[in-house]
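Note that the working numbering has the sequence shown beginning at 2, numbered continuously upward. We put the beta carbon where it would ideally sit given N, CA and C, even for glycine. Take a look at the structure set out below.
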Amino acid sequence: MGSPSTTVVGSHRRKLMSTRSMLLLASSLVLFSWAAVAQQKEIKHVPVKTTSPSSGTEMYNTYCAVCHGKDGKGAGPAAEALKVPPTDLSELSSKNGGKYPSAHVASAIQGDVNLPAHGSKDMPIWGDLFWHMSQGHEGEVQMRIANLNKHIESLQAR
(Lines of atoms letter the chains of each structure in order from A and count residues from 1; the text may use other names and numbers.)
(Lines give C-alpha, C1' and ligand atoms only; values in the text may rest on other atoms or scores of the structure.)
Protein backbone atom coordinates (compact mmCIF):
# COMPACT_ATOMS: atom_id res chain seq x y z
CA MET A 1 0.00 0.00 0.00
CA GLY A 2 1.14 3.53 -0.60
CA SER A 3 1.85 6.19 1.95
CA PRO A 4 -1.06 8.13 3.50
CA SER A 5 -0.39 11.13 1.24
CA THR A 6 -0.48 8.88 -1.86
CA THR A 7 -3.78 7.38 -0.67
CA VAL A 8 -5.31 10.85 -0.20
CA VAL A 9 -4.10 11.97 -3.64
CA GLY A 10 -5.43 8.75 -5.21
CA SER A 11 -8.78 9.19 -3.46
CA HIS A 12 -8.97 12.82 -4.58
CA ARG A 13 -8.07 11.80 -8.15
CA ARG A 14 -10.85 9.13 -8.18
CA LYS A 15 -13.40 11.69 -6.93
CA LEU A 16 -12.24 14.17 -9.56
CA MET A 17 -12.51 11.51 -12.30
CA SER A 18 -15.92 10.49 -11.00
CA THR A 19 -17.08 14.12 -11.06
CA ARG A 20 -15.70 14.59 -14.57
CA SER A 21 -17.43 11.40 -15.73
CA MET A 22 -20.73 12.55 -14.27
CA LEU A 23 -20.39 16.00 -15.90
CA LEU A 24 -19.55 14.40 -19.24
CA LEU A 25 -22.52 12.04 -18.95
CA ALA A 26 -24.88 14.86 -17.94
CA SER A 27 -23.76 17.14 -20.75
CA SER A 28 -24.07 14.28 -23.25
CA LEU A 29 -27.63 13.63 -22.10
CA VAL A 30 -28.50 17.31 -22.44
CA LEU A 31 -26.97 17.42 -25.91
CA PHE A 32 -28.80 14.29 -27.08
CA SER A 33 -32.08 15.48 -25.53
CA TRP A 34 -31.75 18.78 -27.36
CA ALA A 35 -31.05 16.94 -30.62
CA ALA A 36 -34.11 14.72 -30.12
CA VAL A 37 -36.35 17.72 -29.45
CA ALA A 38 -34.94 19.51 -32.50
CA GLN A 39 -35.85 16.52 -34.69
CA GLN A 40 -39.48 16.34 -33.52
CA LYS A 41 -41.91 17.63 -36.08
CA GLU A 42 -44.02 20.56 -35.11
CA ILE A 43 -47.68 19.65 -34.72
CA LYS A 44 -49.81 21.92 -36.83
CA HIS A 45 -53.18 22.65 -35.28
CA VAL A 46 -55.88 23.48 -37.76
CA PRO A 47 -59.35 24.79 -36.99
CA VAL A 48 -62.14 22.24 -37.00
CA LYS A 49 -64.40 22.63 -40.02
CA THR A 50 -67.93 23.53 -39.04
CA THR A 51 -70.59 21.28 -40.53
CA SER A 52 -74.37 21.30 -40.61
CA PRO A 53 -75.80 19.80 -37.41
CA SER A 54 -78.60 18.25 -39.46
CA SER A 55 -76.30 16.17 -41.72
CA GLY A 56 -74.89 13.08 -40.07
CA THR A 57 -73.27 12.12 -43.38
CA GLU A 58 -71.43 15.44 -43.67
CA MET A 59 -70.25 15.25 -40.05
CA TYR A 60 -69.10 11.65 -40.47
CA ASN A 61 -67.20 12.41 -43.68
CA THR A 62 -65.60 15.49 -42.10
CA TYR A 63 -64.73 14.20 -38.62
CA CYS A 64 -64.76 10.39 -38.63
CA ALA A 65 -63.89 9.03 -42.08
CA VAL A 66 -60.24 10.08 -41.85
CA CYS A 67 -59.71 7.31 -39.27
CA HIS A 68 -62.72 4.98 -39.64
CA GLY A 69 -62.97 5.17 -43.45
CA LYS A 70 -65.98 6.22 -45.53
CA ASP A 71 -67.48 2.75 -45.06
CA GLY A 72 -66.74 2.68 -41.31
CA LYS A 73 -64.50 -0.39 -41.53
CA GLY A 74 -61.54 1.34 -39.84
CA ALA A 75 -59.36 1.82 -42.90
CA GLY A 76 -59.34 5.60 -43.27
CA PRO A 77 -56.25 7.40 -44.59
CA ALA A 78 -55.02 8.25 -41.06
CA ALA A 79 -55.63 4.76 -39.63
CA GLU A 80 -52.06 3.55 -40.16
CA ALA A 81 -50.66 6.45 -38.13
CA LEU A 82 -52.64 5.48 -35.02
CA LYS A 83 -51.20 3.37 -32.20
CA VAL A 84 -54.44 1.38 -31.95
CA PRO A 85 -56.45 0.59 -35.12
CA PRO A 86 -59.80 2.39 -35.33
CA THR A 87 -62.92 0.41 -34.50
CA ASP A 88 -64.77 -1.17 -37.41
CA LEU A 89 -67.97 0.82 -37.01
CA SER A 90 -69.80 -1.38 -39.55
CA GLU A 91 -69.72 -4.29 -37.09
CA LEU A 92 -71.19 -2.57 -34.02
CA SER A 93 -74.61 -4.23 -34.40
CA SER A 94 -73.23 -7.70 -35.12
CA LYS A 95 -70.98 -7.46 -32.05
CA ASN A 96 -74.02 -6.47 -29.97
CA GLY A 97 -76.31 -9.39 -30.74
CA GLY A 98 -77.69 -7.80 -33.93
CA LYS A 99 -78.92 -4.64 -32.17
CA TYR A 100 -77.27 -1.29 -32.88
CA PRO A 101 -75.92 0.11 -29.56
CA SER A 102 -77.24 3.63 -30.11
CA ALA A 103 -76.89 4.84 -26.51
CA HIS A 104 -73.33 3.51 -26.26
CA VAL A 105 -72.31 5.12 -29.56
CA ALA A 106 -73.83 8.45 -28.49
CA SER A 107 -71.91 8.24 -25.21
CA ALA A 108 -68.68 7.48 -27.11
CA ILE A 109 -69.20 10.48 -29.39
CA GLN A 110 -69.99 12.66 -26.38
CA GLY A 111 -66.80 11.43 -24.66
CA ASP A 112 -68.58 9.85 -21.70
CA VAL A 113 -67.33 6.32 -22.40
CA ASN A 114 -63.73 5.24 -21.97
CA LEU A 115 -63.05 2.96 -24.92
CA PRO A 116 -60.03 0.66 -24.39
CA ALA A 117 -59.37 0.63 -28.14
CA HIS A 118 -58.96 4.39 -28.01
CA GLY A 119 -56.15 4.09 -25.50
CA SER A 120 -55.56 7.38 -23.76
CA LYS A 121 -58.26 9.32 -25.59
CA ASP A 122 -56.74 9.06 -29.06
CA MET A 123 -60.21 9.62 -30.47
CA PRO A 124 -61.24 13.25 -30.14
CA ILE A 125 -64.10 13.97 -27.80
CA TRP A 126 -66.51 15.26 -30.39
CA GLY A 127 -69.10 16.30 -27.82
CA ASP A 128 -66.75 19.03 -26.55
CA LEU A 129 -65.98 20.19 -30.09
CA PHE A 130 -69.66 20.14 -31.02
CA TRP A 131 -70.41 22.21 -27.91
CA HIS A 132 -67.88 24.86 -28.99
CA MET A 133 -69.16 24.84 -32.58
CA SER A 134 -72.71 25.22 -31.31
CA GLN A 135 -71.65 28.04 -28.98
CA GLY A 136 -73.00 26.15 -26.02
CA HIS A 137 -76.48 25.45 -27.42
CA GLU A 138 -77.14 22.05 -25.90
CA GLY A 139 -80.02 21.29 -28.29
CA GLU A 140 -77.74 21.70 -31.30
CA VAL A 141 -75.04 19.55 -29.67
CA GLN A 142 -77.59 16.77 -29.10
CA MET A 143 -78.84 17.14 -32.70
CA ARG A 144 -75.29 16.72 -33.99
CA ILE A 145 -74.71 13.62 -31.86
CA ALA A 146 -78.08 12.08 -32.83
CA ASN A 147 -77.57 12.68 -36.56
CA LEU A 148 -73.99 11.41 -36.52
CA ASN A 149 -75.20 8.36 -34.59
CA LYS A 150 -77.91 7.71 -37.23
CA HIS A 151 -75.30 7.86 -39.98
CA ILE A 152 -73.05 5.38 -38.16
CA GLU A 153 -76.09 3.12 -37.75
CA SER A 154 -76.59 3.28 -41.54
CA LEU A 155 -73.08 1.84 -42.01
CA GLN A 156 -73.95 -1.44 -40.27
CA ALA A 157 -73.22 -4.61 -42.22
CA ARG A 158 -76.41 -6.26 -43.39
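Apart from the five residues just before and just after residue i, which ones in its own chain have a Cβ nearer than 6 Å to its Cβ?
i	result
W132	V142
K50	T63
H69	G75, G77, P87 and L90
L156	G73, L90 and S91
V114	S108
Do residue i and residue j have their C-beta atoms closer together than 7 Å?
i	j	result
L77	V85	The sequence shown places Gly at residue 77, not Leu. Not in contact: G77 and V85 (Cβ atoms no closer than 7 Å).
I57	L149	The sequence as given places Gly at residue 57; Ile does not occur at that position. In contact: G57 and L149 (Cβ atoms closer than 7 Å).
Who are the near neighbours of residue i in its chain, counting only those whose CB is closer than 7 Å to its CB and skipping five residues on each side?
i	result
K100	S94
I126	G112
Below 8 Å on the Cβ atoms is my guess for residue i versus residue j; work out the distance and round it to an integer in Å.
i	j	result
S140	G128	Correcting the residue type first, residue 140 is Gly in the shown sequence and not Ser. Rounded, the Cβ-Cβ distance is 14 Å, inconsistent with contact.
- Unbroken stretches of the alpha helix (DSSP H), 4 residues or longer, contained in the segment 66-135: Fully enclosed alpha helix (DSSP H) runs of 4 or longer: 66-69, 103-111 and 127-134.
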